[in-house]
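In my numbering, the protein residues as written are 933 to 1053.
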């Protein structure tokens, strides 16, 4: 079956006419999350979610599940979070009274600190 010449012309013109006929406003740059995390901070968030979220509020909002466990977003008000680097790598044995002892390797400690720093903003 052969299409009439008019139909062929319409099909050929479609790629050119469609953007004019159906204007769509697209932003020049797609919007990103206001607090997009880099890879290291995302890894730190995962570490926090896995190891800490049972007791601490690890995000920008919400109460800690355990009342005496400070929300991570407030830690920088107590001391520079970079000061935690050594404690995280050597093993935290203090904190709130029911906090379990745990140890992170140096890369994990730096990732967690990178995440904690994003909560300061």
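We treat Cβ as the ideally placed atom computed from N, Cα and C, and that holds for glycine.
query: Between 981, 975, 1031, which lies nearest to residue 1043 when the distance is taken from Cα to Cα?; result: 975
query: Using three-state DSSP, classify residue 990 as helix, strand or coil.; result: coil
query: Given 7 Å as the limit, tell me if residue 1021 has its C-beta closer than that to any heavy atom belonging to the ligand MN.; result: Absence of the ligand MN is noted for the structure shown, with no ligands found whatsoever.
query: Is residue 979 closer than 8 Å to residue 1040 when the C-beta atoms are compared?; result: yes
query: Using only the alpha-carbon positions, how far apart do residue 1013 and residue 1048 sit?; result: 7 Å
query: Mind checking residue 1045: buried by the 16 CB within 10 Å criterion, or exposed?; result: buried
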